[in-house]
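Encoded as structure tokens, the structure appears first; notes follow it.
This is how it looks when you write it as structure tokens:
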């Protein structure tokens, strides 16, 4: 009797491995929950401050999104504060899209080169160099932009040289390392036998890359681009120095304009918390989050389509 | 496995013991008084340098000086989160601040001058011309007697003390037209230095050989002209406290206002001392003559 | 055009793109190094900074950068690792997981000044941590987590499912499979992610201005008691990092040699990241060998 009970108890007791499994699951879940908490906290924080413009300062949402004049400290012709964010929304949108369009082919091309064509040279030269560039502070990028890119644009296209074009050039270099190294990771995740199968079927290297590897890696590549765009979106210091940072609707790619982040970063230290000027800046941050969500969804949709083909 | 456990346990015990020992032997004198000053980035170097000197002379005190901008400084002093708020503006000029709760301590005077790119070829403007330039009625330097270059306006950020002062006294309360905005004097200077046709404004201490400063109505931007108010574009630098300061805060502010700092650091950092001024100005911009000394 | 010439053209094109990218990147690095390296000297690397006189160094800032980086990594790496493991190995592929992933990605597009201000209001003011390395490390953690989580998850994806199946077939639990089989195999690629985010941490300024602060009080390098205010190990002291120093010099610096200090600091930063990369790669290689062959 006793022995069977003991045996039963022993069998019913969780094994060491099973205990470990539960522990591990719990620990990793806690970590994830921590991140979720962080995300919720920050988004909640920005939202609560950003919405105050509309709830406690009674600015209409439409005026905010469609107005073209940004002077939160001053009342406009209609007696309401001038908080038109359209120029910045357009500026951010244009500069992000353009730099992503320019950077993506370069980044993916380089990643393909590193991974498929010449892994040796890739690992020895390209990867360390790209990783190095991520760590250069934006101020330094900004200064190089100011002393090299802006005069060049001025010489070629006229105007003052400040504008979306210069901003795109600087952002292109800034997001290149992130997109490249993440793309390379995505390509590395494609199983080897995909390539072998394709080559065995008589496809050329390019056909294998184009029709098999890139297709298989599409979701990962999309993530890389999303992160690149996120960086472009969130970048402030460098862009602010070369885009001109003037809250005007961009007439052309070489006219001074502004982005959401550049106006936010310039103004935030000079405003008093809780005042309309300050709330209006947080609203810009909210718009930024929202636009980034939209971008994210669009890219995901494209990615899903790419995978199905 | 059990041996590994042993080692791990031992390491843990040693670490805890070390930590305890470290805690016991910490220098208690350093746990003395400490205050934090936050705000204007322009004023930060002065307060920081004064803080270093002060803590060097008074062991056991610690003065933590941070930037963050005038707005941040005033909001945090209003909240009571810090002991000193550094500001380029009168608290009454900043929207959203209950100025009555704050006590003003003026520690320096800063003169502000327009600067232009060297290719512009202009060294003097009348106030009228300056207003025309900044409101966009004039768009080429030729129209005010300079080279044939389009005018590129560079402003400081909205709400910045330098901009507020410049618009109030340089542009006689006209608002500059929307244009490029930068949030620091250093960046403004380097953009003006590299952009043909650019004009902006900075504190005297930021003028160097890469840019050209302008005289207004044939009055040169010099310290002497500021002390007599012939050069009108100047402002005070303020340390604000919530209510009357006490303890270390009081002692430190007195130290900054003492001749030991006013005649050395304030001057070395390119500011004027309020003691040099022959006029005084209040928050609404009214000038009164003082005895001078 | 037959597929062979097409192949040649395309491969040639890829060579061209890769070459161009290398050229751009090298030009950039060259620019920074050429203008910065002549400023470097032993004095510059070890001396404390000066507010308005010539001849300041960046010794304290350089040390702060490394200390902050290590602290931030100690906090953020375990969290990111755990989250990535859960997301990839445990979580079901449903809308909750997708929402979490999207939220994490969105977080990474916030300008760092927003994270900085959040850190300021929460850690510095609310939790009374003050302007300190610890506040800075927490802010950097917030800023770092999205990218790090994402890249570790991608690293896990590069390990083929055969390995997982192998582990499970041997009777290992899922957790054991992950820790004993998958993670060791993923070390090199996780390392890339860590280096990338370390680079960002190194170069980050805006998030730190409001949290770790922008003053560098003198340190006493003979005092290693972490409870003393002048001890290099004290996590509660304000600490300006090199990137913040560069930002500060460029925005409000009035010392006569501001430009030289700024370009010198940039070069130091680049070289520091380079050394850090090499060290991390070397250690990673040894770790990989030990973990996978043992």
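Protein chains in written order, with full-length UniProt numbering: chain A, 1 to 309; chain B, 1 to 293; chain C, 1 to 294.
Just so you know, even glycine gets a beta-carbon here, dropped at the ideal spot from N, CA and C.
Expressed to the nearest angstrom, what Euclidean distance is found between the alpha-carbon atoms of residue i and residue j?
i                      : j                      : result
residue 163 of chain C : residue 75 of chain C  : 29 angstroms
residue 101 of chain A : residue 64 of chain A  : 28 angstroms
residue 13 of chain A  : residue 23 of chain A  : 15 angstroms
residue 33 of chain B  : residue 263 of chain C : 37 angstroms
residue 49 of chain C  : residue 121 of chain A : 41 angstroms
residue 168 of chain C : residue 29 of chain A  : 21 angstroms
residue 80 of chain C  : residue 73 of chain C  : 10 angstroms
residue 154 of chain C : residue 13 of chain C  : 28 angstroms
residue 285 of chain C : residue 46 of chain A  : 42 angstroms
residue 29 of chain B  : residue 139 of chain A : Here the model assigns residue 29 of chain B a pLDDT of 49, short of 50, so the residue's position is not dependable and the matter cannot be decided.
residue 126 of chain A : residue 116 of chain A : 13 angstroms
residue 90 of chain C  : residue 165 of chain C : 14 angstroms
residue 160 of chain C : residue 18 of chain C  : 28 angstroms
residue 231 of chain C : residue 138 of chain C : 20 angstroms
residue 7 of chain C   : residue 195 of chain A : 15 angstroms
residue 160 of chain A : residue 140 of chain B : 13 angstroms
residue 202 of chain B : residue 213 of chain B : 9 angstroms
If you reduce the DSSP assignment to three classes, tell me which class residue i lands in.
i                      : result
residue 124 of chain B : strand
residue 103 of chain A : helix
residue 210 of chain B : coil
residue 85 of chain B  : strand
residue 237 of chain B : strand
residue 295 of chain B : In this structure chain B extends from 1 to 293, so residue 295 of chain B is not present and cannot be described.
residue 90 of chain C  : helix
residue 82 of chain A  : strand
residue 43 of chain C  : helix
residue 210 of chain C : coil
residue 224 of chain C : coil
residue 76 of chain B  : helix
residue 105 of chain B : strand
residue 34 of chain B  : strand
residue 201 of chain B : strand
residue 282 of chain A : helix
residue 230 of chain C : coil
residue 48 of chain B  : helix
residue 70 of chain A  : strand
Identify the contact partners of residue i in chain D, using a Cβ-Cβ distance below 8 angstroms as the criterion.
i                      : result
residue 277 of chain C : Among the protein chains in the structure shown, which are A, B and C, there is no chain D.
Could you say which of the options lies nearest to residue i if we only look at CA atoms?
i                      : options                    : result
residue 58 of chain C  : C:72, C:107, C:71, C:42    : C:42
residue 218 of chain C : C:5, C:228, C:190          : C:228
residue 35 of chain B  : B:48, B:62, B:12, B:44     : B:62
residue 277 of chain A : B:10, B:96, B:58, B:50     : B:96
residue 214 of chain C : C:191, C:194, C:241        : C:241
residue 134 of chain C : C:226, C:12, C:3           : C:226
residue 143 of chain A : A:242, A:293, A:15         : A:242
residue 224 of chain B : B:147, B:86, B:277, B:217  : B:277
residue 161 of chain B : B:112, B:76, B:141, B:219  : B:112
residue 87 of chain A  : A:58, A:104, A:37, A:66    : A:66
residue 115 of chain C : A:185, A:279, A:265, A:290 : A:265
residue 129 of chain A : A:168, A:230, A:110        : A:110
residue 108 of chain A : A:148, A:157, A:209, A:165 : A:209
residue 41 of chain B  : B:247, B:10, B:55, B:73    : B:73
residue 256 of chain A : A:178, A:273, A:163, A:289 : A:163
Using a 10 Å radius around the Cβ and a threshold of 16 neighbouring Cβ atoms, would you call residue i buried or exposed?
i                      : result
residue 245 of chain B : buried
residue 211 of chain B : buried
residue 153 of chain A : buried
residue 221 of chain B : buried
residue 174 of chain C : buried
residue 282 of chain A : buried
residue 271 of chain B : buried
residue 211 of chain C : buried
residue 9 of chain C   : exposed
residue 263 of chain B : exposed
So, do the region 262–269 of chain A and the region 154–167 of chain B have three or more beta carbon pairs nearer to each other than 8 angstroms? yes
Does the region 85–98 of chain A come within contact of the region 230–249 of chain C, defined as at least 3 CB pairs closer than 8 angstroms? no
Would you check if the region 45–62 of chain A and the region 295–305 of chain A touch, i.e. whether three or more CB-CB distances between them fall below 8 angstroms? no
Would the region 225–234 of chain B count as touching the region 188–199 of chain B if we require 3 or more Cβ pairs under 8 angstroms? Because the criterion of three Cβ pairs below 8 angstroms is not met, the region 225–234 of chain B and the region 188–199 of chain B do not touch.
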